[in-house]
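J.: Protein chains in written order, with our numbering: chain Y, 48 to 220; chain G, 48 to 220. Would you mind keeping the following structure in view while I ask a few things?
2 protein chains.
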Amino acid sequence: MRVLGVDPGLTRCGVGVVEGAPGRPLRLVAVDVIRTSSQLELGERLLAIESVLEKWIVEHAPDSVAVERVFSQHNVRTVMGTAQASGIAALVAARRGLPVATHTPSEVKAAVSGNGRADKEQVAFMVMRLLRLAGKPTPADASDALALAICQVWRGGAASRLAAAAAKNGARR
Amino acid sequence: MRVLGVDPGLTRCGVGVVEGAPGRPLRLVAVDVIRTSSQLELGERLLAIESVLEKWIVEHAPDSVAVERVFSQHNVRTVMGTAQASGIAALVAARRGLPVATHTPSEVKAAVSGNGRADKEQVAFMVMRLLRLAGKPTPADASDALALAICQVWRGGAASRLAAAAAKNGARR
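Laid out in structure tokens, this is it:
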């Protein structure tokens with residue numbers, strides 16, 4: 048299973064592709080951060096994000112897209128931009144017929160570190176370990192995008208197995 | 048000047064096109080509400096909104112797009128969807144090279160009724176009056192989209208005149 052993780056944001060939008068399956072080693076396919084200038088109009092920033100996400104989906108052919116679920120934060124202006132960037136990720140995925148999964152930050156932290164309250168450092172450390180990288184991915188947005196993708200590989204896999212088991216069970220009745 | 052007003056929302060997204068200029072009568076070109084089912088995935092809903100907005104821009108050829116500026120509200124889930132739908136409007140406008148103006152709800156209310164705290168009824172009444180309609184546009188999302196477009200025709204016009212005057216003044220120096 049190949050997952051494109053997106054840590055949404057207007058100024059920095061983390062993107063990371065991870066390949067793997069539950070119980071098997073994970074592999075880093077690609078990671079980057081899409082940056083857009085705050086000098087640009089909102090629409091231009093969203094267009095730039097859309098264009099890079101389209102390119103990544105074509106180039107890396109993920110099976111699904113995982114996006115961080117946005118919550119209200121202290122800074123209302125930031126959360127609006129985050130919501131808008133996450134909407135673009137959902138739009139691009141839907142256009143390509145890809146399923147989109149959303150995970151909360153604590154689900155992602157728990158998935159990669161076993162602790163839903165892990166800090167950024169710990170998440171970056173575990174991403175490095177799990178993907179057997181030489182160093183921690185930076186900036187945090189890149190690391191978070193990879194953690195999201197890992198979370199989806201594992202949870203998505205578990206969800207698929209549960210669905211398959213339920214289907215099998217249903218068929219037996 | 049022809050303006051497409053968008054009152055963003057996932058469940059109901061108001062769209063209205065108004066033609067006019069400051070000091071001249073306004074004309075209703077078109078109004079509707081884009082509805083998407085909450086049963087659909089977020090990406091599918093955003094795709095549907097994108098598709099209708101694209102069609103409206105092609106069909107009605109507005110000079111600019113006016114979108115309600117989203118603020119934090121009580122219901123975090125609603126505000127996320129609103130922000131995402133407004134992002135799609137900004138994206139589609141930018142793709143077509145159209146300027147996007149954002150106005151706060153109180154700016155819009157003040158523009159059409161003289162009162163920044165006017166209620167929905169009063170806004171709908173003034174939209175009906177200003178566009179010389181036989182009845183109030185319904186639902187409120189349709190009325191709000193038209194009010195946004197009217198606000199932009201007037202404020203955008205004033206801004207253009209100020210910019211033109213400033214340019215003229217600058218040229219004289």
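Just so it is clear, CB atoms sit at the ideal spot from N, CA and C, and this is done for glycine as well. The structure displayed is predicted, hence computed values, not measured ones.
Along chain Y, in chain order, which residues have C-beta atoms closer than 8 Å to that of residue 97 of chain G?
T.: The residue given as residue 97 of chain G occupies position 50 in the second sequence. Residues of chain Y passing the Cβ test: 138.
J.: If you draw a straight line from the alpha carbon of residue 278 of chain Y to that of residue 182 of chain Y, how long is it in whole angstroms?
T.: It is not possible to answer for residue 278 of chain Y, since the shown part of chain Y is limited to 48 through 220.
J.: Beta carbons nearer than 9 Å to chain G: which residues of the stretch 178-209 of chain Y have them?
T.: Result list empty, no residue passes.
J.: When the Cα of residue 143 of chain Y is compared with those of Y:56, Y:106, Y:60 and Y:89, which residue comes out closest?
T.: Translated into the one-based positions of the first sequence, residue 143 of chain Y becomes position 96. Selected option, being the one with the closest Cα: Y:106.
J.: Check the C-beta distance from residue 194 of chain G over to residue 174 of chain G and give it rounded, since I have them as a contact under 8 Å.
T.: As a position in the second sequence, residue 194 of chain G is number 147, starting the count at 1. As a position in the second sequence, residue 174 of chain G is number 127, starting the count at 1. Indeed they touch by this definition, with Cβ atoms about 5 Å apart.
J.: Does residue 88 of chain G have its Cβ less than 8 Å from a Cβ in chain Y?
T.: Numbered from 1 along the second sequence, position 41 holds the residue referred to as residue 88 of chain G. Cβ-Cβ to chain Y under 8 Å: yes for residue 88 of chain G.
J.: Among G:60, G:109, G:71 and G:75, which one has its Cα closest to the Cα of residue 93 of chain G?
T.: Residue 93 of chain G sits at position 46 when you count from the first residue of the second sequence. If we check each option's Cα against that of residue 93 of chain G, G:60 comes out closest.
J.: Does the Cβ of residue 68 of chain Y have 16 or more other Cβ atoms within 10 Å, making it buried, or fewer, making it exposed?
T.: On the first sequence, residue 68 of chain Y is found 21 positions in, with the first residue counted as 1. Per the 10 Å Cβ criterion, exposed.
J.: Out of G:70, G:53 and G:71, point me to the one whose CA is closest to residue 82 of chain G's CA.
T.: Counting from one through the second sequence, the residue named residue 82 of chain G turns up at place 35. When only C-alpha atoms are compared, the closest one is G:53.
J.: In angstroms, rounded to a whole number, what distance separates the CA positions of residue 184 of chain G and residue 125 of chain G?
T.: Your numbering for residue 184 of chain G matches position 137 in the second sequence. Your numbering for residue 125 of chain G matches position 78 in the second sequence. So the two alpha carbons sit approximately 23 Å from each other.
J.: Contact criterion: CB-CB distance below 8 Å. Does residue 131 of chain Y meet it with respect to chain G?
T.: The sequence position of residue 131 of chain Y within the first sequence is 84, counting from 1. Residue 131 of chain Y counts as touching chain G.
J.: Just list the beta strand (DSSP E) runs in the stretch 70-130 of chain G, keeping only unbroken ones of 3 residues or longer that don't cross its boundaries, in chain order.
T.: Listed in chain order, the complete beta strand (DSSP E) runs (minimum 3 residues) inside the stretch 70-130 of chain G are 74-82 and 111-115.
J.: With H, G and I counted as helix, E and B as strand and the rest as coil, what does DSSP make of residue 52 of chain Y?
T.: Your numbering for residue 52 of chain Y matches position 5 in the first sequence. Note: residue 52 of chain Y maps to strand in three-state DSSP.
J.: Check distances from the C-beta atoms of the stretch 101-117 of chain G to those of chain Y and list, in chain order, the residues that come in under 7 Å.
T.: If the cut-off is 7 Å between Cβ atoms, the stretch 101-117 of chain G has 117 near chain Y.
J.: Specify the secondary structure class of residue 148 of chain Y as computed by DSSP and reduced to three states.
T.: Here residue 148 of chain Y is taken as the residue at index 101 of the first sequence, counted from 1. If DSSP states are grouped into helix, strand and coil, residue 148 of chain Y belongs with the strands.
J.: Under a three-way DSSP split, which group does residue 61 of chain Y fall into?
T.: As a first step, residue 61 of chain Y must be located in the first sequence, where it is residue number 14. The answer is strand: DSSP assigns residue 61 of chain Y an E or B state.
J.: Select from G:118, G:49, G:177 and G:172 the residue whose C-alpha is nearest the C-alpha of residue 151 of chain G.
T.: For the purposes of this step, residue 151 of chain G is taken as residue 104 along the second sequence, with counting starting at 1. Ranking G:118, G:49, G:177 and G:172 by Cα distance to residue 151 of chain G puts G:118 first.
J.: Determine the burial state of residue 86 of chain Y: buried for a count of at least 16 other Cβ atoms within 10 Å of its Cβ, exposed for fewer.
T.: What you label residue 86 of chain Y is simply residue 39 of the first sequence in a count that begins at 1. The residue is exposed, with fewer than 16 neighbouring Cβ atoms inside 10 Å.
J.: Note down the Cα distance separating residue 162 of chain Y from residue 170 of chain Y, rounded to an integer number of angstroms.
T.: Along the first sequence, one-based indexing puts residue 162 of chain Y at 115. Along the first sequence, one-based indexing puts residue 170 of chain Y at 123. Using only the alpha carbons, I get a separation of about 9 Å.
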